[in-house]
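In the working numbering, the protein residues as written are 6 to 297. So the structure is just underneath, and the comments pick up after that.
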Amino acid sequence: MLSNKQKDDIEELIRKVGDECILPHFRRISDDDVSYKDSNIDPVTAVDIEAEKLLKEGLLHILPGSLFVGEELYSTDKSIIQYLNDEDKPVWIVDPIDGTDNFIAGKLGFGIMACLVYKGEIVGSWLYEVSQQRMTLYYAPDFILENGKKLTSSYEPMKPFKGLIGKKLHRFPEVQNLKAECQEVILDSLQGPSIICYREMLLGHIDFLIFKVTYPWDHLPGIAFLKSQGAVISRWSGEDICLSDINEGLVVARNPEVMKVVLEKIVSILLESEEVAGMKSFKLTCPLTCSP
């Protein structure tokens, strides 16, 4: 649905916002520049807000009539999530700085995540690691480029499968016991933001990802890349993911065999944990899928 000119304009816009709005502030953020949204563990800076504003203006100009769902805008206007119910209009989903903690701390590993959804499909996705000036882009059904070069992964997973799990989940005793006893998986805690983890899986460095709480801007851009390469996506229940109900968590696995092991050996234990069940969750009210 995007012309070649629109594709070029989108990439140019994302690079421009990253290079001219975000990067000049890297390692120049003071404590006074940081505030918090819903809690003292969810930081935001003026750079996040300005970058999202520029992305919104630019993307809506490139694709007239489209809608916009951004992380920072959502924090002040929860109603915009309803845009995902409108299958007649394309919707941009954007995280202006994924990895804000790293950005504030002056560490590498942060950038812009964006995708375009239309009629229930992710038709395009963009990951721009600002500090590395690395652009990875996807167009349905399976076109992936990284800084202008085609990116493919022929990696075939072998047991024990390697995977990452959310930091909060990783600290639970059930997970620590599983790490010591299960011989079929090697499990570690997520050490970076989504923009890093999804690329690591795309390159074949890990076989699966496990999350409890998910937001569309943190996951849909990355899911688009992996699903186009044969990965399978599931709720913790084993059902196909649907954004109308994602409280059961999210599993992204290299293939059905990996998914089966993760659901049986790891997720089944998490579902039995009362402490895990009590974690903060987030509901959306609309179904959404990725194009295969």
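Cβ coordinates follow ideal geometry from the N, Cα and C atoms, glycine included.
Is Ser-233 closer than 8 angstroms to Ile-149 when the C-beta atoms are compared? Locating residue 149 in the sequence shown gives position 144, where the first residue counts as 1. Locating residue 233 in the sequence shown gives position 228, where the first residue counts as 1. Judged by their CB atoms, Ile-149 and Ser-233 are nearer to each other than the 8 angstroms cut-off.
Same chain only: Cβ atoms within 6 angstroms of Thr-141, ignoring 5 sequence neighbours per side: Translated into the one-based positions of the sequence shown, residue 141 becomes position 136. For Thr-141, where only same-chain residues beyond five positions count, the Cβ hits under 6 angstroms are Leu-132 and Glu-151.
Span of the beta strand (DSSP E) around Phe-213: In the sequence shown, counting from the first residue as 1, residue 213 sits at position 208. Counting along the chain, the beta strand (DSSP E) containing Phe-213 begins and ends at 213 to 216.
First through last residue of the beta strand (DSSP E) which encompasses Asp-103: Residue 103 sits at position 98 when you count from the first residue of the sequence shown. Where Asp-103 is concerned, the enclosing beta strand (DSSP E) stretches over 96 to 103.
Between the CA atoms of Leu-268 and His-175 - distance to the nearest angstrom: Taking the first residue of the sequence shown as 1, we reach residue 175 at position 170. Taking the first residue of the sequence shown as 1, we reach residue 268 at position 263. Cα to Cα, the separation comes out at about 16 angstroms.
In the structure shown, what three-state DSSP assignment does Thr-50 receive? Position 45 of the sequence shown, counting from 1, holds the residue named residue 50. Reduced to three states, the DSSP call for Thr-50 is strand.
Given Ile-54, which residues of its chain have a CB within under 6 angstroms of its CB, disregarding the five upstream and five downstream residues? Here the question's residue 54 lines up with position 49 in the sequence shown. Residues of the same chain with a CB within less than 6 angstroms of the CB of Ile-54, apart from the 5 flanking positions on each side, are Glu-77 in chain order.
Here's the rule I'm using: 16 or more other beta-carbon atoms within 10 Å means buried, otherwise exposed. How should Thr-290 be labelled? In the sequence shown, the residue the question calls residue 290 occupies position 285. Bear in mind that the predicted position of Thr-290 carries a pLDDT of just 35, short of 50, making it too unreliable to give a figure here.
Go to Phe-166, then tell me how far its beta strand (DSSP E) extends in each direction, as first and last residue. As a first step, residue 166 is located in the sequence shown; it is residue number 161 there, counting from the start. Run containing Phe-166: 166 to 170, per the beta strand (DSSP E) assignment.
Whole angstroms is fine: what's the gap from Lys-58's alpha carbon to Pro-165's? Within the sequence shown, residue 58 is the residue found at index 53, counting from 1. Within the sequence shown, residue 165 is the residue found at index 160, counting from 1. One C-alpha to the other measures close to 44 angstroms.
Helix, strand or coil at Ile-246 [DSSP, three-state]: One-based indexing of the sequence shown puts residue 246 at position 241. The DSSP-derived three-state label of Ile-246 is coil.
If you draw a straight line from the alpha carbon of Leu-276 to that of Gly-254, how long is it in whole angstroms? As a working note, residue 276 is residue 271 in the sequence shown. As a working note, residue 254 is residue 249 in the sequence shown. Roughly 10 angstroms separates the two Cα atoms.
Could you check where the beta strand (DSSP E) with Ser-3 kicks off and where it finishes? In this structure the chain extends from 6 to 297, so residue 3 is not present and cannot be described.
When burial is assigned at 16 or more other CB atoms within 10 Å of the CB, is Lys-167 buried or exposed? Position 162 of the sequence shown, counted from the start, is the residue given in the question as residue 167. Label assigned to Lys-167: buried.
Run of the beta strand (DSSP E) containing Leu-255, from where it starts to where it stops: Residue numbering aside, residue 255 sits at position 250 when the sequence shown is read from its first letter. DSSP places Leu-255 inside the beta strand (DSSP E), whose first and last residues are 255 to 258.
Buried versus exposed call for Asp-2 [16 or more other C-beta atoms within 10 Å across all chains shown]: Look at the range of the chain in this structure, 6 to 297, and you will see that residue 2 is not part of it.
What do you get for Tyr-41, buried or exposed, if any count of 16 or more other CB atoms within 10 angstroms of its CB means buried? One-based indexing of the sequence shown puts residue 41 at position 36. So Tyr-41 ends up on the exposed side.
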